[in-house]
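Taking it in order: structure first as structure tokens, then the write-up.
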Ligand SMILES: *Cc1c(COP(=O)(O)O)cnc(C)c1O
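Numbering (our numbering), first residue to last: 6 to 235.
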């Protein structure tokens, strides 16, 4: 759809403008198209608009749409992953944003086996403390996960992922995103050998704040494609 492609281009332009306004280089901030519950046409429109990074939150759905993602696009998992699906996940995704517990790290390592290289992952952090959200909740837990990952022959941790609460209160959102940036900076000091540069944060309703607070990957669905069918 020509119209949707144009719309996506406008959003990408707007993101670049916001980066500049926030004193950031636009190349530092990637836009991921979150295509869950959208079909191949949405994927194709985003691709034509220039997006090369896609995110899906459910393994089964991503597997069924696999052919729709162009070979030179990256596909990342952004949703909760069950351990018994780790094998399928390492085949399908080039990065897992939702590493939220130690047993999942172990399952992913086992699934990776003796493949070449290491699978990039992000550590999911739940800074808002909401019960409905996944992720490590305390700095101590995050440090333990990083210690485990630093010794991993199979996984390469690249940074962190979080979700802000769904609210109009900008201060709450800013505190979560700024909190993740500060946590990441402390963790980088504690683990200087780990490449912890990625901050996956910001969705359709809060990405302008995420840009200002240091996001490197914006995960955008609704703002690109419209509301998802329920
Ligand atoms: C669905 C989803 C998004 C995108 O949400 P929008 O509000 O539609 O932009 C981002 N991150 C995760 C983890 C998601 O599940």
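C-beta atoms are modelled at their ideal positions from N, C-alpha and C, and glycine is treated no differently. Just so you know, these numbers come straight off a predicted model, no measurement behind them.
Pull up the distance between the alpha-carbon of residue 200 and that of residue 164, whole angstroms please. Near 7 angstroms, if we compare the C-alpha coordinates of residue 164 and residue 200.
Continuous beta strand (DSSP E) assignments of at least 3 residues falling wholly in the segment 33 to 92: Entirely contained in the segment 33 to 92, the beta strand (DSSP E) runs reaching 3 residues are, in chain order, 35 to 39, 58 to 61, 79 to 82.
For residue 130 and residue 185, believed in contact at Cβ under 8 angstroms, the rounded distance: Their Cβ separation, rounded to whole angstroms, is 6 angstroms, which keeps residue 185 and residue 130 in contact under 8 angstroms.
With burial defined as no fewer than 16 other Cβ atoms inside 10 Å of the residue's Cβ, what is the status of residue 23: buried or exposed? Its Cβ being crowded by 16 or more others within 10 Å, residue 23 is buried.
Taking the continuous beta strand (DSSP E) assigned at residue 205, which residues delimit it? According to the DSSP assignment, residue 205 belongs to the beta strand (DSSP E) that extends over 203 to 205.
Between residue 228 and residue 209, is the Cβ-Cβ spacing less than 8 angstroms? Judged by their CB atoms, residue 228 and residue 209 are nearer to each other than the 8 angstroms cut-off.
Note the first and the last residue of the continuous beta strand (DSSP E) segment covering residue 166. It spans 160 to 166 - the beta strand (DSSP E) in which residue 166 sits, taken as one unbroken run.
DSSP three-state call for residue 141: helix, strand or coil? Assignment of residue 141 by DSSP, reduced to helix, strand and coil, places it in the strand class.
If I'm right that residue 146 touches residue 183 with Cβ under 8 angstroms, what's the distance once you round it to whole angstroms? Distance from residue 146 to residue 183 at the Cβ level is roughly 20 angstroms; contact not present, criterion being Cβ atoms closer than 8 angstroms.
Any idea if residue 140 is buried or exposed, counting beta-carbon neighbours within 10 angstroms, 16 or more meaning buried? By the 10 Å Cβ count, residue 140 comes out buried.
Can you tell me whether residue 118 is buried or exposed, with buried defined as 16 or more other CB within 10 angstroms of its CB? Its Cβ having fewer than 16 others within 10 Å, residue 118 is exposed.
Confirm, please, whether the CB-CB distance from residue 41 to residue 62 is below 8 angstroms. Contact: yes.
Kindly indicate which residue of 161, 107, 109 has the alpha-carbon position closest to the one of residue 122. Nearest C-alpha to residue 122 among 161, 107, 109: 161.
Once the 5 residues before and after residue 43 are set aside, which same chain residues still bring their CB inside 6 angstroms of it? The residues are 230.
To the nearest angstrom, how far is the alpha carbon of residue 148 from that of residue 124? Each residue's Cα considered, the two are about 19 angstroms apart.
Rounded to whole angstroms, what's the CA-CA distance from residue 213 to residue 193? Just pull it up for me. Rounded to the nearest angstrom, the two C-alpha atoms are 25 angstroms apart.
Taking 7 angstroms as the line, does the beta carbon of residue 57 fall inside it for any heavy atom of ligand 1? No, ligand 1 has no heavy atom inside 7 angstroms of this Cβ.
Check whether the Cβ of residue 210 lies closer than 7 angstroms to any heavy atom of ligand 1, and answer yes or no. For ligand 1, at least one heavy atom lies less than 7 angstroms from the Cβ of residue 210.
Find out if the Cβ-Cβ distance for the pair residue 53, residue 10 is shorter than 8 angstroms. Yes; because the gap between Cβ atoms is below 8 angstroms, this pair is in contact.
Mark residue 55 as exposed unless 16 or more other C-beta atoms lie within 10 angstroms of its C-beta, in which case mark it buried. Around the beta carbon of residue 55, fewer than 16 other beta carbons sit within 10 angstroms, so the residue counts as exposed.
For residue 6, count neighbouring C-beta atoms within 10 Å of its own C-beta (all shown protein chains included) and say buried if the count is 16 or more, exposed if not. Residue 6 comes out exposed.
Taking 7 angstroms as the cut-off, is the beta-carbon of residue 224 closer than that to any non-hydrogen atom of ligand 1? Checking the Cβ of residue 224 against ligand 1 gives yes.
Taking 7 angstroms as the line, does the beta carbon of residue 258 fall inside it for any heavy atom of ligand 1? The chain is shown from 6 up to 235; residue 258 falls before or after that span and cannot be answered.
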